[in-house]
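These notes concern the structure reproduced below.
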Amino acid sequence: MRILFVCLGNICRSPTAEAVARARGLDCDSAGTGDWHVGKPPYGPMQEAARAKGYDMTALRARQLTAGDFGAFDLLLVMDDQNARDAERLRPAGNATPLGKLTDYGAGDHVPDPYYTRDFDGALSLIEGCVDGLVRAAP
19 MRILFVCLGN ICRSPTAEAV ARARGLDCDS AGTGDWHVGK PPYGPMQEAA
69 RAKGYDMTAL RARQLTAGDF GAFDLLLVMD DQNARDAERL RPAGNATPLG
119 KLTDYGAGDH VPDPYYTRDF DGALSLIEGC VDGLVRAAP
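Going by our numbering, the letters in the sequence shown line up with residues 19 to 157, in that order.
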């Protein structure tokens with residue numbers, strides 16, 4: 019199963035989910051609904067929080083979600099309701115790829131954006147718990 023994690027800019031939450039999921043052996047990628055950070059590495063403070071827990075995000079680069087991603091992945095997991103609405107606007111007609119929230123597999127209603135909250139450790143812990151739930155739920 020190929021999973022795509024989606025957030026707003028693809029510099030904090032979704033690349034962190036990608037790094038955690040890869041460490042758990044999942045086949046995944048990440049993208050953002052916006053284009054502001056395309057080609058840039060994950061946000062420095064997010065990388066530092068991840069590195070402190072053993073996740074290496076240095077090779078990751080931000081990219082924007084495309085309509086083609088709906089056909090390339092088996093599941094899209096967004097970080098919040100706005101990401102879901104923005105992603106759905108790109109869904110090709112007739113595509114049935116499941117789209118859910120990462121928190122469907124763990125605690126909370128959404129993953130708060132640490133770019134704004136500054137709680138990088140909290141976001142990482144929430145993401146780890148949700149990815150662990152995803153691993154348990156995977157077929």
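Beta carbons are placed, not taken as given, at the ideal position from N, Cα and C, and that holds for glycine. Note that the structure is predicted; figures quoted are calculated from it, not measured.
Near residue i, what residues of its chain come up, given a Cβ to Cβ distance below 7 Å and the 5 sequence neighbours on each side ignored?
i, result
"ARG79", "GLY57, LYS58, PRO59"
"ALA49", "LEU22, VAL24, ASN28, SER32, ARG81, GLN82, LEU83, ASP87"
"HIS55", "GLY27, ASN28, ILE29, ALA80"
"VAL129", "ARG31, MET97, ASP98, LEU120, THR121, ALA141, LEU144, ILE145"
"ASP127", "THR121"
For residue i, which three-state DSSP category applies?
i, result
"VAL158", "Only positions 19 to 157 of the chain appear in the structure, and residue 158 is not among them; the question remains open."
"ARG20", "strand"
"GLY140", "helix"
"LEU93", "strand"
"ARG120", "Sequence inspection shows Leu at residue 120; the Arg mentioned does not correspond to that position. In this structure, LEU120 counts as helix in the three-state DSSP scheme."
"ASP47", "strand"
Compute the Euclidean distance between the alpha carbons of residue i and residue j, then round it to the nearest angstrom.
i, j, result
"PRO33", "GLY72", "14 Å"
"ASN113", "ASP98", "21 Å"
"ASP74", "PRO110", "33 Å"
"ARG20", "PHE91", "5 Å"
"THR121", "ALA77", "25 Å"
"ALA67", "ALA35", "13 Å"
"ALA155", "GLY89", "22 Å"
For the candidate residues the options, whose alpha-carbon lies nearest to that of residue i?
i, options, result
"GLY62", "LEU120, GLY126, TYR133, LEU93", "TYR133"
"LEU142", "ALA37, MET19, LEU26", "ALA37"
"LEU26", "ARG103, ALA155, GLY140", "ARG103"
"ASN101", "LEU152, THR51, ALA41, ARG154", "THR51"
"ASP131", "LEU94, GLY124, GLY140", "GLY140"
"ALA41", "ARG69, MET64, CYS30", "ARG69"
"PHE138", "MET19, ARG20, GLN65", "GLN65"
"ALA125", "GLY147, THR115, ALA85", "GLY147"
"THR194", "ARG136, ALA85, THR135", "Only positions 19 to 157 of the chain appear in this structure, which leaves residue 194 out of reach."
"VAL149", "TYR123, ALA67, GLY89", "TYR123"
Quick one: residues in its chain with C-beta nearer than 6 Å to the C-beta of residue i, no 5 flanking neighbours on either side, listed in chain order?
i, result
"ASP47", "LEU22"
"GLY151", "TYR123, GLY124"
"ALA39", "CYS46, VAL149"
"VAL153", "ARG42"
Could you name the residues of the same chain whose beta carbon sits closer than 8 Å to that of residue i, not counting the 5 residues immediately before and after it, in chain order?
i, result
"GLU106", "LEU117"
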